[in-house]
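Quick notes on the structure that follows.
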Amino acid sequence: MTNNSVNASLPSEAEGFSFLNGDWRVQHKKMKAPLTGNLEWSEFDGSAAFFSLLDGLVSVEELRDADGLPFGGAMRTFDRERRVWLDVWVSASNGVLQVPVEGRFEGDTGTFISQEAFEGKAILVRGIWRRISSNEVTWEQAATLDDGETWETNWQMRFDRINEKTLSPKSREAQ
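If you're matching positions, the sequence shown starts at -3 in my numbering and goes up one per residue.
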């Protein structure tokens, strides 16, 4: 028996992360020393794999470098009541979950914000997802030391789909 009130509170296609399910080529552009005045960037290629769990309530991401080695990932969970996502990064170097960024999609753009600390100062961090097409997505991260007056972009990623969407476990059962 299905509980319709539970299913009705699942993320809709427009507000969810299921558009990312599958495998992607990724072009990274990352600032070497953010918020220091040093504007030197590093660029590198990699890959990403995404899948959903719990009928779209959870989105899992794994990022790998050009050699196929994992360097980090994220887990996103959907708060049914508030209709927002909590997006948490974990680095492969230490395995520690970072401070979650919180946000939602409006149209094809998702904006996520968190309050963090940088060298003892309070900062805001913003991540922006843009759904360009079913086969192209961008993400960028920026930080501010002045409560959002000015933002410094410190990481940009362009995702190009390698294959069709990977089915969630529930979708596989239905086939």
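Beta carbons: idealized from backbone N, C-alpha and C, even for Gly.
Excluding the 5 residues flanking G69 on each side, which residues of the same chain have their C-beta closer than 8 Å to its C-beta? For G69, where only same-chain residues beyond five positions count, the Cβ hits under 8 Å are V56, E57, E58, L59, W85, V86 and A88.
Going by C-alpha distance, which of T146, E112, R127 and V80 is nearest R154? R127
Buried or exposed: K166, going by 16 or more other Cβ atoms within 10 Å of its Cβ? Its pLDDT being 45, under 50, K166 is placed unreliably in this model, and the value from its coordinates should be taken loosely. With fewer than 16 Cβ atoms within 10 Å of its Cβ, K166 is classed as exposed.
Go to P96, then tell me how far its beta strand (DSSP E) extends in each direction, as first and last residue. Run containing P96: none; DSSP gives neither H nor E here.
Report the three-state DSSP secondary structure of D19 (helix, strand or coil). strand
Residues in the same chain with beta-carbon distance under 6 Å from G12, minus the five sequence neighbours each way, listed in chain order, please. G52
Cα separation between S14 and F47? 7 Å
Test item: CB-CB of E98 and V80 under 8 Å: yes
Once you ignore the five residues that flank F40 on each side, which residues in its own chain have a CB closer than 7 Å to its CB? Cβ contact annotation for F40 (same chain, cutoff 7 Å, sequence separation greater than five): H24, D61 and A62, in chain order.
Check each candidate in N34, P30 and T105 and name the one with the smallest Cα separation from S129. T105
Whose C-beta lies closer than 6 Å to the C-beta of L163 among residues of the same chain, with five residues either side of it excluded? At L163 the pLDDT is 44, less than 50, meaning the model places this residue with poor confidence and gives no usable figure here.
Using DSSP with H/G/I as helix, E/B as strand and the rest coil, what is L50? helix
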